[in-house]
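In this text, residue positions in the sequence shown follow our numbering: the first is 212, and each later residue adds one.
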Amino acid sequence: MPAREAPTVRQRRLGGELRKLRERAGLSATEAGALTGLGQSRVSNIEVARIGVSADRVRTLARAYGCADAAFVEALAVMAAGGKRGWWEDYREKLLPGLLDLAEMEQNATAIRTAQVSHLPGLLQTADYARLTFLQNVPEPSPPHVEHLVSHRIKRQEVLYRKSPVPYTAIIHEAALRMEFGGHSLTRKQLEHILAMSERERITVLVIPFSAGIFPGAGQTVTYAEGQVPQLDTVQLDTEHGAVFEYADARLDMYRTFMERFEAMALGEAASRDFIHGIVNNL
């Protein structure tokens, strides 16, 4: 099997989880290689996602490591078997890898929650609104690159429209709703789109008003994607330097608490829709 040049976050995650299982079993890579017949080099290359691993081999490794959590092992096997080429691969030469990893994360999530303070959720943006936000990047992207970014963002939204849409909860601070990017007309159309999306199956939009007071976190966008089992949850953070992915156990625990606290501050669904309607009516 040829070595990978640029493993995805999902592939690196699978390798990292297999490494953790090996280490919990108290085995070195050399010992694991001898026990499984793979050899130290192959075990190490699997763990750093330099080479792929089949679902059956994942199960074999888990048995060798004494993992008794059947649901977790099967979730890892699904990750190994899910290596089919996704639509995002069409953008590999055009966009940064973090954007492709984000699309893959969303595609494989069993549920998604996002916390937004100063921006509106990408999965709920119109093409015009997305285009305007990308034009604010520094340095300013070329027109063709802007269109690649916009089309990628719109294609990501397929997870909300497919036959079995992913359950999606967007918790949006009032500050983001009142940012009049592009003026009254564009903002109105964008907020009306969010209202329409909030009526769709499995989509929940919640608003945190200014009156709720201080909120947890530093104000950056947080997206929490649930995996097949809680151990395989993933957090994605927006930064000035691109997407950052977190999945260490302690970090997942921290962001679970963060999302619970952020959501607890929000208005209910009906009150949130009324709140957004009020903003639209005043534009």
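Glycine included, C-beta positions come from ideal geometry on N, C-alpha and C.
Expected contact under 8 Å - CB spacing of residue i and residue j to nearest Å
i: residue 220; j: residue 290; result: 11 Å between Cβ atoms; not a contact.
i: residue 495; j: residue 313; result: Not covered by the structure: residue 495. The range shown for the chain is 212 to 494.
i: residue 380; j: residue 417; result: 7 Å
Local conformation of residue i per DSSP, three classes
i: residue 246; result: helix
i: residue 325; result: strand
i: residue 331; result: coil
i: residue 436; result: strand
i: residue 347; result: coil
i: residue 451; result: coil
i: residue 446; result: strand
i: residue 457; result: strand
i: residue 239; result: coil
i: residue 288; result: helix
i: residue 483; result: helix
i: residue 281; result: helix
i: residue 257; result: helix
i: residue 317; result: helix
i: residue 306; result: coil
i: residue 269; result: helix
i: residue 215; result: coil
i: residue 426; result: coil
i: residue 311; result: helix
i: residue 222; result: helix
i: residue 478; result: coil
Per-residue burial, residue i [other beta carbons within 10 Å of its own, 16 or more giving buried]
i: residue 492; result: exposed
i: residue 333; result: buried
i: residue 456; result: buried
i: residue 481; result: exposed
i: residue 372; result: exposed
i: residue 444; result: buried
i: residue 347; result: exposed
i: residue 412; result: exposed
i: residue 421; result: exposed
i: residue 438; result: buried
Residue i: CB within 6 Å of a non-hydrogen atom of the ligand ZN
i: residue 228; result: The ligand ZN is not among the ligands present in this structure, which contains no ligands whatsoever.
Best match in the options for proximity to residue i [C-alpha to C-alpha]
i: residue 216; options: 239, 261, 248; result: 261
i: residue 393; options: 225, 345, 366; result: 345
i: residue 323; options: 452, 443, 489, 434; result: 434
i: residue 370; options: 411, 318, 381; result: 318
i: residue 244; options: 222, 223, 273; result: 273
i: residue 235; options: 459, 224, 277; result: 277
i: residue 466; options: 233, 441, 350; result: 441
i: residue 375; options: 458, 225, 320; result: 320
i: residue 484; options: 407, 283, 247; result: 407
i: residue 479; options: 427, 419, 430, 310; result: 419
i: residue 297; options: 403, 310, 286, 282; result: 310
i: residue 327; options: 288, 489, 470; result: 470
i: residue 490; options: 390, 461, 449, 431; result: 390
i: residue 488; options: 403, 229, 474; result: 403
i: residue 468; options: 428, 477, 447; result: 428
i: residue 218; options: 238, 253, 259, 232; result: 259
i: residue 214; options: 248, 254, 263; result: 263
i: residue 415; options: 377, 451, 396; result: 377
i: residue 303; options: 405, 255, 424, 363; result: 363
Give the list of continuous beta strand (DSSP E) stretches no shorter than 3 residues that lie fully inside the stretch 339-424. The stretch 339-424 contains these whole beta strand (DSSP E) runs: 379-384, 414-419.
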